[in-house]
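Here's the structure we're looking at; comments come further down.
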Amino acid sequence: MWLEQALPELYVGYVNKYHGQLSPDIREYLMIFSREEIVHTMMFRRYLDVANLPMWSHPENIPNFSDFEKQLPHRHPVYGILWNLLIEWFAELNSIYQTQHEFIDPLTRKLFREHHMEEVRHIAFAKDIVSNYFENASSSEVDEVCEFFRNSYMSGPGRFRGFL
Ligand SMILES: [Fe+2]
Ligand SMILES: [Fe+2]
Numbered sequence: 130m131w132l133e134q135a136l137p138e139l140y141v142g143y144v145n146k147y148h149g150q151l152s153p154d155i156r157e158y159l160m161i162f163s164r165e166e167i168v169h170t171m172m173f174r175r176y177l178d179v180a181n182l183p184m185w186s187h188p189e190n191i192p193n194f195s196d197f198e199k200q201l202p203h204r205h206p207v208y209g210i211l212w213n214l215l216i217e218w219f220a221e222l223n224s225i226y227q228t229q230h231e232f233i234d235p236l237t238r239k240l241f242r243e244h245h246m247e248e249v250r251h252i253a254f255a256k257d258i259v260s261n262y263f264e265n266a267s268s269s270e271v272d273e274v275c276e277f278f279r280n281s282y283m284s285g286p287g288r289f290r291g292f293l
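To convert, take the position in the sequence shown, counting from 1, and add 129; that gives this note's numbering.
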């Protein structure tokens, strides 16, 4: 849920910062995506209330959480979109695997399924954008992205802890 809440800020930031460089369809999609994540955030908050479940503490309280993420708004949008792709892909595989069983209550099952239908579109969009970037960017730009993720993202155990 904290991820869902952080994404609109990042994506709308890209829209404002790269306004002239983004094609109209990508710009519009980043806005639609942001709207959907805001709705998801509100939906999950209500779900926790209904289910009487506690909310995890805000990631700011978790050491090392934001060192990597803080760099993303200052980078080319493909960095944030790739970061989001890695997380959403993993998160959706996990959540759909865990929630679509007969013994899961109908509200939980339906909520995660409905959420999944929008998330698979987010994942497909991100895959498209990232593939396109990797096909068209110079080799030094591609190397820079790879290096950035290798050094910053994958290092350190428990990078995702408390986030998903
Ligand atoms: Fe979402
Ligand atoms: Fe999403």
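Positions of the beta carbon are idealized from the N, C-alpha and C atoms, including for glycine.
Each residue's CA atom was taken as its position, placing Arg242 and Ile225 some 7 Å apart.
In this structure Phe162 is buried. Its beta-carbon is surrounded by 16 or more other beta-carbon atoms within 10 angstroms. In the DSSP assignment, Gly142 falls within the alpha helix (DSSP H) that extends over 131-146.
For Tyr208, the closest alpha carbon among the candidates Phe173, Gln134, Tyr140 is that of Tyr140. Around the beta carbon of Ile233, fewer than 16 other beta carbons lie within 10 angstroms, which makes this residue exposed. Within a 10 Å sphere around the beta-carbon of Leu132 sit 16 or more other beta-carbons, which makes this residue buried. When only Cα atoms are considered, Val144 and Ser152 end up about 10 Å apart.
For the options Glu264, Ile167, Tyr176, Ile155, the alpha carbon positioned closest to that of Lys239 is the one of Tyr176.
Remark: the shortest separation between the CB of His169 and any heavy atom of ligand 1 falls under 7 Å.
A straight line joining the alpha-carbon of Phe263 with that of Glu273 spans about 11 Å.
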